[in-house]
Every structure is written in structure tokens, then in C-alpha cells.
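A short worksheet on the structure shown next.
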Amino acid sequence: MKRSLSIIFLLFFFLLPFACSKKPFHIASVNNNVCKRLTGEVVLYCIFVDTRYTQPWSAYDINSSLDSIHYAMEWLENKASENGIPLTITVQYHQNNNVIPISQDFPRKTLSGTLLPVIPAGIRLLDGWSNRIARNAG
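Heads up: the sequence shown runs through residues -10 to 127, numbered per the working numbering.
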């Protein structure tokens, strides 16, 4: 009994520094066709997309989304400032001849149909779809 308690204590003692480390948390979107570092002057370019099998974007939907994006942008800028990181985010959105949404169907009718049943394959399809949209918008 004493031996097992000693082993557990030693294991706990050696693993504690790793459990409390402050290494950055890495997510799948980092270094994957997105902003590499959120510092300095950043442009967030929004592209609204209509598909045949989803509801079209209304003016209210677009304005509401842009309002939420601005709210999130201000929060990010404030958090960066609190941590001594210079950050200025400018929000722009795609507009072609006063038409904001781009029409581009999902590879498989809907978002859930594109992502499922095999999520890694669905993510690759969605990445290709979004890259085509960005190329067409640019």
C-alpha cells in the first residue's frame, strides 16, 4: 500500500509542472489558410455566400452579422490592448455592383451534407469550396 502511494505521489510530483504549463493552445485553424498572428493592422474580409439550398442573406441578416463582427472585433482589440499587443482590426466585406452575397453552392447541397458523414473529408471539401469563393471574390 505504501509503495503504491509513493508511486502515485512521485507520478503526481513529476507531472504537475506539465499540467500547469502555459504553452500556447494550438487549434486546427492556426497556420491553415488564416491569419498567422493577430497583431498590428489586420483586415477581416467578410464574404457572404448564398447557396441554392439555404435561405438567402437578407439585408437584416448581413447588417446583424456585421454588427456582431464589429462587437467581436472591439472585444479582441480590447483584450490585445490589456495584454500589451498592438492590434487594429478593419472589417471589410465583399460587394460587387452593390450585390453583397456571392452565389456558390456547397459541394453536397448543405453544410451538414458536405461535412458529414466523414468530418475530415468534409472539412477538405469545405476548404476547397471556400478557397474557390475567395478566388472568385478577389
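The C-beta atom is built at its ideal place from N, Cα and C for all residues, glycine as well. Treat the numbers as computed from the prediction; the structure is a model and nothing was measured.
Taking DSSP as the reference, what is the three-state secondary structure of Gly111? Gly111 carries a helical assignment under DSSP once its states are collapsed to helix, strand and coil.
Can we say the stretch 45 to 55 touches the stretch 96 to 105, given the rule of at least three CB pairs closer than 8 Å? no
To which residues of the same chain is Tyr82 closer than 6 Å at the C-beta, ignoring the five residues directly before and after it? Cys35
Let me know the secondary structure DSSP gives Asn120 once reduced to three states. helix
Can you say whether Gly111 is buried or exposed, counting buried as having 16 or more other CB atoms within 10 angstroms of its CB? buried
Can you give me the start and stop residues for the beta strand (DSSP E) that Tyr49 sits inside? It is not in any beta strand (DSSP E) - Tyr49 instead sits in the alpha helix (DSSP H) that spans 48 to 71.
Note down the Cα distance separating Arg121 from Leu27, rounded to an integer number of angstroms. 24 Å
Ends of the alpha helix (DSSP H) at Leu133? Here the chain covers residues -10 to 127 and nothing more, so residue 133 does not appear.
For a test of the three-state rule: what should DSSP assign to Asn131, helix, strand or coil? This structure cannot settle anything about residue 131, because the visible part of the chain is limited to -10 through 127.
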